[in-house]
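Written out below as structure tokens is the structure these notes cover.
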Amino acid sequence: MKLADNKATLSFSNGSPNVELPVYHGSVGPDVIDIRKLYAQTGMFTYDPGFLSTAACQSAITYIDGDKGELQYRGYPIEQLATQCDFLETCHLLLYGELPNADAKKKFERTVTMHTMVNEQMQFFLRGFRRDAHPMAVLTGLVGALSAFYHDSTDITNPQHREIAAIRLIAKMPTLVAMAYKYSVGQPYMYPQNDLSYTGNFMRMMFATPCEDYKPNEVLVRALDRIFILHADHEQNASTSTVRLCGSSGTNPFAAIAAGVACLWGPAHGGANEAALNMLHDIQAQGGVEKVGEFIKQVKDKNSGVKLMGFGHRVYKNYDPRAKLMQETCKEVLGELGLHNDPLFKLAMALEKIALEDEYFVSRKLYPNVDFYSGIVQRAIGIPVSLFTAIFAAARTVGWIAQLNEMIGDPEYKIGRPRQLFTGSTRRDIKPLAKR
Ligand code: ACO
5 MKLADNKATL
15 SFSNGSPNVE
25 LPVYHGSVGP
35 DVIDIRKLYA
45 QTGMFTYDPG
55 FLSTAACQSA
65 ITYIDGDKGE
75 LQYRGYPIEQ
85 LATQCDFLET
95 CHLLLYGELP
105 NADAKKKFER
115 TVTMHTMVNE
125 QMQFFLRGFR
135 RDAHPMAVLT
145 GLVGALSAFY
155 HDSTDITNPQ
165 HREIAAIRLI
175 AKMPTLVAMA
185 YKYSVGQPYM
195 YPQNDLSYTG
205 NFMRMMFATP
215 CEDYKPNEVL
225 VRALDRIFIL
235 HADHEQNAST
245 STVRLCGSSG
255 TNPFAAIAAG
265 VACLWGPAHG
275 GANEAALNML
285 HDIQAQGGVE
295 KVGEFIKQVK
305 DKNSGVKLMG
315 FGHRVYKNYD
325 PRAKLMQETC
335 KEVLGELGLH
345 NDPLFKLAMA
355 LEKIALEDEY
365 FVSRKLYPNV
375 DFYSGIVQRA
385 IGIPVSLFTA
395 IFAAARTVGW
405 IAQLNEMIGD
415 PEYKIGRPRQ
425 LFTGSTRRDI
435 KPLAKR
């Protein structure tokens, strides 16, 4: 970051002296006002619940222009990455800063592939869960447990440990997600197969059984690979910030990523894909496209508590570029599977059309986000709804780990420790039990 020529001046109506604050430029995007010395200079904190105006770090990984609806990983537009690269190339880019050349690509693929198996003992750990447990409950536990299985890569201050933990996490997440799925349906786990691609391998671990092999369909592999690319990173979102905050205490990478998985689960974040598909199912059950008007009316009624899931975003005040790519993929997948008339897709299109024309959504700049169509694609591929967020977690792992490693390497990194505006009781004394 570069110090700007201009400074910000903070003045107070009570006559306290003005405070000058440095301003920094990034390479693109809004400047930041450096308030790190504000408390020392004024005895005051800033107040920004939800981080509406606060940059908590500097980062060179992902850039979003929410007004224009643009997303770039390391400078490359998401549209180019989604159409010209695969997920592992994207992982290489996010982790190391550059797309791999042909040799580096081969080497990286080989390294990741050689780490896809998980310690055999993990399956006994998994067996402790109820079969009907939510996959995200299971995944949070499994990822946290990795630190108990891979002691040799838990020192976050050691660059070799960070490197091997990154590869292990990227390689093993799909295996863990598939294991959680197989466990929930009572089928044997399928071991990874090294001659398949990252995504093809995941699909095989999901859908093959020991008595019937599964040949991944290339169109579906490409679609899921695109889902992985589109979800790989999204700058300082809630789960990434959770990973950074958790990792800032010096905890091991597996523990920090487990915290990210837990945060992602919420319906306002990664859980929205599951919630969006459940919403479509509910509307479909009540009469489908004809009920869209009624549903939108409920969404607009603040007392109903109903939200249009898969719509709206803290940063995008325009069409989420990932939603556009997802809609394309959705058409391709439904076409490949002969599901051109899929009622849920038609319903989603109808909802989108009405919402995009409705004053409520227009005035609040609410557009479809990536989750609006990704559920339809995943469902068509055969992935159960309850597993959608786990797939998102597998894809986002590379982003989390790239951001965590960037933070550890940042000389300005400190333990994350927000302050507060205290509104509770002032000091008081305890009365004896009989007098309370
Ligand atoms: N349906 C109906 N109204 C909405 C929606 C929605 N999906 N999203 C926002 N609004 C309304 C809010 O009620 C608010 O209205 P008001 O100004 O009258 O009070 C206004 O739009 C602004 O919304 P906020 O909640 O203040 O926006 P915020 O940035 O805090 O929240 C969020 C963003 C959480 C994503 C929100 O839009 C939402 O809940 N969307 C549905 C869930 C979803 O799809 N999440 C996925 C996000 S993308 C991702 O994580 C991969």
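Going by this note's numbering, the sequence shown opens with residue 5, and the numbers climb by one from there.
Backbone N, C-alpha and C define an ideal beta-carbon position, used for all residues, glycine too.
*What residues come near the ligand ACO, if near means a beta carbon less than 6 Å from any of its heavy atoms?*
Ala272, His273, Gly274, Ala276, Val303, Lys311, Leu312, Met313, Gly314, Phe315, Gly316, His317, Arg318, Arg368, Leu370, Asn373, Val374, Asp375
*Bounding residues of the beta strand (DSSP E) (the contiguous stretch that carries Gln76)*: Counting from one through the sequence shown, the residue named residue 76 turns up at place 72. Gln76 -> beta strand (DSSP E) spans 74-77.
_Element boundaries [alpha helix (DSSP H), containing Pro347]_ = As a working mapping, residue 347 is identified with position 343 in the sequence shown. It spans 347-361 - the alpha helix (DSSP H) in which Pro347 sits, taken as one unbroken run.
*Return helix, strand or coil for Val374, following the three-state DSSP convention.*
Here the question's residue 374 lines up with position 370 in the sequence shown. Coil, per DSSP.
_Just to confirm my understanding: we take Gly204, look at its own chain, exclude 5 residues before and 5 after, and list those with CB closer than 7 Å. What are they?_
The residue you call residue 204 lines up with position 200 of the sequence shown. Once the five neighbours on either side are set aside, the close Cβ partners of Gly204 are Pro220, Val225.
_So the candidates are Pro53, Glu278, Val319; which of them puts its Cα closest to the Cα of Tyr67?_
Position 63 of the sequence shown holds residue 67. Checked all of Pro53, Glu278, Val319; the closest Cα to Tyr67 is Val319.
*Please report how far the alpha carbon of Lys295 lies from the alpha carbon of Gln191, in whole angstroms.*
Along the sequence shown, one-based indexing puts residue 295 at 291. Along the sequence shown, one-based indexing puts residue 191 at 187. Those two C-alpha atoms are separated by around 39 Å.
_For the beta strand (DSSP E) containing Asp3, name the first residue and the last one._
Coverage of the chain is limited to positions 5 through 440, which leaves residue 3 absent and any answer about it impossible.
*Assuming Phe2 and Thr401 make a contact with CB atoms under 8 Å, what is their CB distance in whole Å?*
The question about residue 2 has no answer, for the chain in this structure spans 5 to 440.
*Could you please give the first and the last residue of the uninterrupted alpha helix (DSSP H) stretch that includes His96?*
As a working mapping, residue 96 is identified with position 92 in the sequence shown. That run of the alpha helix (DSSP H) goes 91-100.
*Under three-state DSSP, which class holds Lys328?*
Looking up residue 328 in the sequence shown gives position 324. DSSP places Lys328 in helix when its eight states are reduced to three.
*asked:* Cutting at 8 Å between CB atoms, please list the residues of its own chain near Asn123, excluding the five before and the five after it.
replied: Your numbering for residue 123 matches position 119 in the sequence shown. So the list reads Phe153, Tyr154, once near-sequence residues are dropped.
*Taking Pro26 as part of the beta strand (DSSP E), name the residues at either end of that continuous run.*
Translated into the one-based positions of the sequence shown, residue 26 becomes position 22. Taken as a continuous stretch (DSSP letters only), the beta strand (DSSP E) holding Pro26 covers 23-29.
*asked:* If you measure between the beta carbons of Tyr202 and Val116, is that distance less than 8 Å?
replied: Within the sequence shown, the letter at position 198 stands for residue 202. Within the sequence shown, the letter at position 112 stands for residue 116. In contact: Tyr202 and Val116 (Cβ atoms closer than 8 Å).
*Determine the DSSP secondary structure at Lys311, reduced to helix, strand or coil.*
Taking the first residue of the sequence shown as position 1, residue 311 is located at position 307. Looking at Lys311 - three-state DSSP - the assignment turns out to be coil, as it is neither helix nor strand.
*CA-to-CA distance, Glu239 to Ile412, given in whole angstroms*: Working through the sequence shown from its first residue, we reach residue 412 at position 408. Working through the sequence shown from its first residue, we reach residue 239 at position 235. Those two C-alpha atoms are separated by around 16 Å.
*Going by DSSP, what residues sit across from Thr333 in a beta bridge?*
Residue mapping note: residue 333 aligns to position 329 of the sequence shown, counting from 1. Thr333 pairs with nothing; no bridge assigned.
_Just to confirm my understanding: we take Pro347, look at its own chain, exclude 5 residues before and 5 after, and list those with CB closer than 7 Å. What are they?_
For the purposes of this step, residue 347 is identified with residue 343 of the sequence shown, where counting begins at 1. Excluding residues within five positions, the ones whose Cβ falls inside 7 Å are Gln288, Gly292.
*Residue interval of the beta strand (DSSP E) (run including Thr13)*: Position 9 of the sequence shown, counted from the start, is the residue given in the question as residue 13. From DSSP, the beta strand (DSSP E) with Thr13 extends over 6-14.
*Below 7 Å CB to CB, which residues in the same chain sit around Leu14 once its five sequence neighbours on both sides are set aside?*
On the sequence shown, position 10 is the one that residue 14 refers to. Asn22, Val23, Leu25, listed in sequence order.
*Enclosing alpha helix (DSSP H) for Phe426 [first to last residue]*: In the sequence shown, counting from the first residue as 1, residue 426 sits at position 422. Here Phe426 belongs to no alpha helix (DSSP H), and DSSP marks it neither H nor E.
*Given Asp38, which residues of its chain have a CB within under 8 Å of its CB, disregarding the five upstream and five downstream residues?*
Here residue 38 corresponds to residue number 34 of the sequence shown, with the count starting at 1. Closer than 8 Å at the Cβ level, and outside the excluded window around Asp38, lie Leu25, Pro26, Val27, Tyr28.
*asked:* I want to check one thing, is the minimum distance from the CB of Leu408 to the heavy atoms of the ligand FAD below 7 Å?
replied: With respect to small molecules bound, the structure shown includes the ligand ACO and not the ligand FAD.
*With 8 Å as the threshold, decide whether the Cβ of Ala170 is near any Cβ in chain D.*
Note that chain D does not occur in the displayed structure, where there is just one protein chain.
_Sequence-distant residues of its chain with Cβ nearer than 8 Å to Ile358 (five each side left out)_ = Here the question's residue 358 lines up with position 354 in the sequence shown. So the list reads Val296, Gly297, Ile300, once near-sequence residues are dropped.
*Report buried or exposed for Ile419, applying the criterion of at least 16 other Cβ atoms within 10 angstroms of its Cβ.*
The count along the sequence shown starts at 1 and reaches residue 419 at position 415. Label assigned to Ile419: exposed.
*asked:* Just to confirm the assignment, what range does the alpha helix (DSSP H) spanning Ser139 have?
replied: Numbered from 1 along the sequence shown, position 135 holds the residue referred to as residue 139. Here the sequence assigns Pro to residue 139, which means Ser is not the residue at that position. From DSSP, the alpha helix (DSSP H) with Pro139 extends over 139-153.
_Given a cut-off of 8 Å on the beta-carbon distance, is the pair Gly274 and Ser245 in contact?_
On the sequence shown, residue 274 is found 270 positions in, with the first residue counted as 1. On the sequence shown, residue 245 is found 241 positions in, with the first residue counted as 1. Not a contact, by the Cβ cut-off of 8 Å.
*asked:* Can you confirm whether the segment 341-356 touches the segment 248-257 when touching is taken to mean that 3 or more C-beta pairs between the two stretches lie within less than 8 Å?
replied: no
*asked:* Can you give me the C-alpha to C-alpha distance between Gly4 and Ala262, rounded to a whole angstrom?
replied: The question about residue 4 has no answer, for the chain in this structure spans 5 to 440.
_Environment of Arg421 [buried if 16+ CB atoms lie within 10 Å]_ = What you label residue 421 is simply residue 417 of the sequence shown in a count that begins at 1. Under this definition Arg421 is an exposed residue.
*Is it true that the segment 90-109 meets the segment 119-139, where meeting means three or more beta-carbon pairs spaced less than 8 Å apart?*
no
*Can you list, in chain order, the residues of its chain whose CB lies under 6 Å from that of Thr58, leaving out five sequence neighbours each side?*
As a working mapping, residue 58 is identified with position 54 in the sequence shown. So the list reads Asp52, once near-sequence residues are dropped.
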